[in-house]
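Residue numbers (full-length UniProt numbering): 1 to 313.
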């Protein structure tokens, strides 16, 4: 505990520079969108969804196999939207938040039993949505204003018609010229963790501070990055069950995060133009880039930061 606390303080000391972007209310340019229904032009129309009766483990496996961070839950016959499961819900379920009660209370810590509950017990009901005729400006106000990474698109009767993610928006906005650099938009005051931090601590930090990723610092050096997707993949691939002997969730949550981290690590620098960073994220299919200066971690830039940067110009 002392070592982890020490590392966190070191990370705080490293990451106190502030970006130049004013992080107050975003004034959206009127030229971004003038036509109704434009979200459908960039949204995914053929949306994969699961029924409310599907098991949690099966739903998370679908997210893992497809590389999704969110999965709509719909009625199997009508395709009417009933909720959405996000990587944040999975992190909460794994020990970070109130959805952990499904494991700890209802199933007395038995993870094997908990993951076979229906996904309706895990999903977020009545999620924020967009109508089919929504403008991109409408979507940006929700994504940036409410920090929501994906919005289901529904018809008037509630039928799922598509889904729009911040990555879809970034793909379009990245084609526009921007004078901004990474330093202008990056997050600089970050929480960090250590390679040997247990999964239980990381999921709690992610849930409490609404982070999808944490830099992993060892002796002032960037060791890697742990993401909600890494943790979700651990459950969705069913690798988690190979580590269970008693079936109790504590066996899993004691695992050090270094064992879950993806192998590749891509970084950027403060002076990199945001258009270049956007192209890098899209081509590498990653959601964030640690920002390195003089061999030190000085910040983190995410898809959300870039979308907000493009929108705020």
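The beta-carbon is built from N, C-alpha and C at its ideal position, and this holds for glycine as well.
Fair warning: this is a prediction, and the values are worked out from it, not measured in the lab.
Annotation: the region 70-130 contains the following complete segments of the alpha helix (DSSP H) (minimum length 4 residues), in chain order: 87-91, 111-114. For the region 142-220, the continuous beta strand (DSSP E) assignments of 3+ residues that do not extend past its boundaries occur at 150-154, 160-165, 213-218, in sequence order. Partner residues in the beta bridge of residue 227, as assigned by DSSP, are 213. Around the Cβ of residue 48, a 10 Å sphere holds fewer than 16 other Cβ atoms; the residue is exposed. If you ignore the 5 residues before and after residue 233, its C-beta comes within less than 7 angstroms of the C-beta of 64, all in its own chain and listed in chain order.
Within the DSSP bridge table, the entry for residue 288 names 302 as partners. A Cβ-Cβ contact shorter than 8 angstroms links residue 306 with residue 277. Around the beta carbon of residue 197, 16 or more other beta carbons sit within 10 angstroms, so the residue counts as buried. Scanning its chain for C-beta atoms nearer than 8 angstroms, with the 5 sequence neighbours on each side dropped, one finds around residue 279 the residues 174, in chain order. From the listed residues 200, 143, 194, the smallest Cα separation to residue 165 is found for 143.
According to the DSSP secondary-structure assignment, residue 50 is paired through a beta bridge with 73. Proximity to residue 124 across 115, 160, 114, 83 peaks at 83, based on C-alpha coordinates. A contact is defined here as three or more CB-CB pairs under 8 angstroms, and the region 169-186 meets this definition with respect to the region 281-296. The bridge partners DSSP lists for residue 64 come to none.
Looking at the DSSP output, residue 296 sits in a beta bridge with 293. Ranked by Cα distance from residue 242, the first of 136, 68, 112 is 112.
Ranking 162, 154, 75 by CA distance to the CA of residue 45 puts 162 first. Look at residue 269 here: in three-state DSSP terms it is coil, with no helix or strand label. Taking residue 110 as the centre and dropping the five residues before and after it, the same chain places the C-beta of 103, 247, 248, 249 closer than 8 angstroms to its C-beta, in chain order. Between the region 131-142 and the region 63-79, the count of Cβ pairs shorter than 8 angstroms is below three; the stretches do not touch. Between the region 253-271 and the region 210-226 there are three or more C-beta pairs closer than 8 angstroms, enough to call the two in contact. The C-beta distance from residue 300 to residue 215 rounds to 6 angstroms, short enough to fall under 8 angstroms. Following the DSSP letters along the chain, one finds residue 245 in no alpha helix (DSSP H), marked with neither H nor E. With fewer than 16 other Cβ atoms from the protein chains shown falling within 10 Å of its own Cβ, residue 209 counts as exposed.
Taking every protein chain shown into account, the CB of residue 107 has 16 or more other CB atoms within 10 angstroms, so this residue is buried. Taken through DSSP and simplified to helix, strand or coil, residue 55 comes out as strand. For residue 282, the three-state secondary structure derived from DSSP is helix.
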